[in-house]
Amino acid sequence: MMRGLIEIDRFGKNGVEHRSHLCRSFNRNFISMLYSAFAQVNYTLTDIDGISRTCEIDRDRPLLGVTQPALYLPFTGQEMLGVQVGSSDIVTSPLDSDLGSRIPHADATPETANIIMEGVRYTGMTSTRSIYSAYWAMQTLHVPWPVNVYAVRLYCYRAGDLSARTLTVSIRKTDGSWNPTGADLASGTATGAQLQGITTDTNGQWFEVTMISPYVLRPYTRYCIIVRLDGGDSSNSLRWQYGGSGSSSGYRLYRYGADCTGSSSNSGTSWSLSDSYHQSQYFLVMGRHPIGLCHYPTTVRTISFPAPPPDMQFTIERLFHNFSGSAITLRETGLYASAPTSASYENFVYLIARDVLTAPITVNNDELLKVSYAVQISV
Amino acid sequence: MTDIEIKTQPNIEVMKEEIPHLLEEGEIGAILEFVVTDKNGNITEKRVLKSESFVRQFLELLWVNFQNLDYRSGRYCADVYGGYACVRADRRLWSAGGGIGEITRGILVGTGTNVPTINDYTIQTLIPHGTGLGQLQYSAVTFGAPSSDATTSQFTVTRNFANGSGAQVTVYELTLVVQSYADSYVQYYHMVIRDMIPGGIAVPNGQTLTVNYRIQVTT
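The listed protein sequences derive, respectively, from chains A and B. For the record, in the first sequence the residue sitting at position 2 is 1 according to numbering that gives the first Met the number 0, with numbers rising by one throughout. For the record, in the second sequence the residue sitting at position 85 is 84 according to numbering that gives the first Met the number 0, with numbers rising by one throughout.
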């Protein structure tokens, strides 16, 4: 029989605090990946974004990678695999697809002012999308590291009179087909007086909209920026610039599955996407590094044969360092693993285990935490 | 010899049955269910018990898999012939889909009675495929898709063994064997579970033994 044991060591200024308890929660995703491998069949899983993905058995791209993906993990690093920690104590279920509230990677104290965290602007030929009334526009994006987004800048100009209008800029997740899905995760507005300050020069300018509440974007997840105006017409609209089409110099961020622009003529009910490699709306994500824990790489220790029981074990472990400047309380742990899909030559990330700690553990600033999963067999 | 045919497509509607709860909280394991049926499909014996014996190859393959190791950095792991293969995390790792009469992978049955140990790498005494004395006809291995209830998730590996030998065959050991690749074209077989059934499972002539290994995790 096999078991998992979770061991947590907190290295504080006053010594080491050690805890150990049974891992109770390898989940259905773990079983489903084993099933896919045993039966050599494709099988649908729910990834950490809640999106159904087909886990495909494909040559040289095995599933269940917890320290590294087989090939290509889009737009993220090793932090999004392996041992994870979170702050939620929501009861576990076999169908959990993500931690209740994952603590992001952060290797520094958050900045005190916004900086440019991500964005696209080409200097070549540009085009514009007219935004007014039911005509909305969107741009998908990834962040290469966790970003606490405070504001979004659009490269745009104003056509006509927007003095009675309100502009809304929001961020949502996208579904497996890159269409916006779900509610706004963050949003901000600009009033008519602010909008009238936007240049009418068709060369455009940056215009910043502050989010009502900051929101932490994470690597791996494909988000989108949605821009809409509560009225107007084609002559009285916001013109959001995009470009890069047909120019290899415009190749900005992404290989396979490049991000895309899109537009809607029915207030976001349906979207028309343009997934050219080289096109993007011009935007800047303004923000700060979030409060989080520095995720050192997950390592899998060699197999050992302790005095039974157990007869045999290996450990999967990760060190977390708190550089955030404040204490962080953990209530859950989990394991992320990758699995491939051949359709887009991408790997996706799945939660394969989640446990709620029997008691929370607080990691103070500059303290180190080690979380280990010991996977054991006893005959 | 009795005129009996193996079922190439075992009935996996069994997945609609209640998920057995024999594992302790937090265990990752297997439930072993075996059913003996006569030629009319009537059940003459059925038992459900906890499989006790994942062996070291299971953990070793999982170790390779978790790290996505290639053949240059994989782990030497015992195969069913007593040799060692440097196993890599290939997409074919864990393949257990043995075909009709295939005795290299999937669920295999035997007559060995040695108590399982962590270092077991092969079945002790294999019951061959066939209709001769002491033989059973191995069906293809089939799989029941994952399912879950409030606490337990599982999938099922199933194989039928039909006795057309003319005499009773008693099965004492059950194993689960999976495949690996050490490089692109060289395949190996590894036993990952071995269970010994004290007293054995009697399969009278003309009857069929169906073995379900339900791989489970509990929350």
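Yeah, the Cβ is synthetic: ideal placement off N, Cα and C, and Gly gets one too. These figures come from a predicted structure and were not determined experimentally.
Nonlocal neighbours in the same chain, by C-beta distance under 6 Å from residue i, ignoring five residues either side
i, result
"A:L252", "In this predicted model, A:L252 has a pLDDT of only 40, less than 50, meaning its place in the structure is not dependable enough to derive any value."
"A:N147", "P213, V215, G286, R287, P289"
"A:R18", "I7"
"B:E44", "V35"
"A:F25", "A352"
Beta carbon of residue i nearer than 7 Å to that of residue j
i, j, result
"A:R227", "A:G191", "no"
"A:A158", "A:R52", "no"
"B:G97", "B:G105", "yes"
"A:G203", "A:Y241", "no"
"A:L283", "A:R9", "no"
"A:T220", "A:D95", "no"
"B:Q206", "B:E172", "no"
"A:V348", "A:M79", "yes"
"B:T217", "B:E24", "yes"
"B:R90", "B:G73", "no"
"B:M195", "B:P115", "yes"
"B:M190", "B:Y83", "no"
"A:D258", "A:L140", "yes"
"A:H104", "A:G291", "yes"
"A:P355", "A:T91", "Before going further, note that residue 355 of chain A is Val rather than Pro in the sequence given. Against a cut-off of 7 Å, the Cβ pair of A:T91 and A:V355 comes out as a contact."
"A:G196", "A:I50", "no"
"A:S323", "A:V119", "no"
"A:G333", "A:Q83", "yes"
"A:N113", "A:Y149", "yes"
Residue i versus the options, residue with shortest Cα-Cα distance
i, options, result
"A:L33", "B:E101, B:V177, B:V34", "B:V177"
"A:S269", "A:P145, A:T127, A:V82, A:Y134", "A:Y134"
"B:S138", "B:G163, B:T150, B:I117", "B:G163"
"B:W93", "B:D37, B:Q56, B:N113", "B:Q56"
"B:L132", "B:T217, B:V34, B:Y187, B:P203", "B:P203"
"B:I99", "B:V140, B:D69, B:S52, B:C76", "B:V140"
"A:D200", "A:P103, A:T180, A:T127, A:I170", "A:T127"
"B:Q167", "B:L48, B:T116, B:N39, B:T130", "B:T130"
"B:T174", "B:G199, B:G198, B:G109", "B:G109"
"A:A373", "B:L22, B:I42, B:W62, B:T43", "B:W62"
"B:G199", "B:S179, B:R193, B:V170", "B:V170"
"B:Y184", "B:V79, B:D78, B:Y70", "B:Y70"
"A:D229", "A:N265, A:P218, A:T198", "A:N265"
"B:A222", "B:G40, B:L125, B:I192, B:N67", "The structure shown does not extend to residue 222 of chain B, since chain B is modelled only from 0 through 218, so no value can be given for it."
"A:E117", "A:I376, A:E366, A:P145", "A:P145"
7 Å CB neighbourhood of residue i in its chain, flanking five on each side removed
i, result
"B:R213", "P19, A29, I30, E32, Q153, T155"
"A:S87", "L98, G99, S100, R330, E331"
"A:G231", "Y131, S132, L161, R164"
"A:R152", "W205, F206, E207, F282, L283, M285"
"A:P179", "M137, R171, T173, C223, I225, G267, W270"
"A:E55", "N41, P339, T340, S341"
"A:I115", "L283, M285"
"B:A201", "Q167, T169"
Where the alpha helix (DSSP H) through residue i begins and ends
i, result
"A:I30", "27–38"
"B:L60", "55–66"
"B:L132", "No alpha helix (DSSP H) holds B:L132; DSSP gives it neither H nor E."
"A:A192", "191–194"
Beta-carbon contacts of residue i that lie in its chain and below 8 Å, excluding the five residues immediately before and after
i, result
"B:M14", "Bear in mind that the predicted position of B:M14 carries a pLDDT of just 44, short of 50, making it unreliable; the figure below should be weighed with that in mind. Taken in chain order, the residues that qualify are G143, A144, S146, T155."
"A:A326", "T361, V362, N363, N364"
"B:Y75", "Y83, A84, C85, V86"
"A:A306", "none"
"A:T297", "V65, T66, Q77, L80, G81, V82, I315, E316, R317"
"A:S186", "T167, V168, S169, I170, M210, I211"
Boundaries (first-last residue) of the beta strand (DSSP E) holding residue i
i, result
"B:A84", "83–86"
"A:Q312", "311–320"
"B:F142", "141–147"
"A:A133", "Segment: none, A:A133 is in no beta strand (DSSP E) and carries neither H nor E."
"A:Q375", "367–376"
"A:F108", "The sequence given here has Thr at residue 108 of chain A, not Phe. Note, A:T108: premise wrong, no beta strand (DSSP E); not H, not E."
"A:C155", "146–158"
"B:Y75", "74–77"
"A:W205", "204–216"
"A:A358", "345–362"
"B:F154", "151–161"
"B:Y184", "B:Y184 -> no beta strand (DSSP E), and no H or E assigned at all."
"A:H141", "Looking at the DSSP string, A:H141 is not in any beta strand (DSSP E), and its letter there is neither H nor E."
Proximal chain D residues relative to residue i, where beta-carbon distance stays under 8 Å
i, result
"A:A185", "Looking at the structure shown, chain D is missing, and the protein chains on hand are A and B."
Should the region 313–327 of chain A be regarded as contacting the region 288–303 of chain A, the criterion being three or more beta carbon pairs within less than 8 Å?
-> yes
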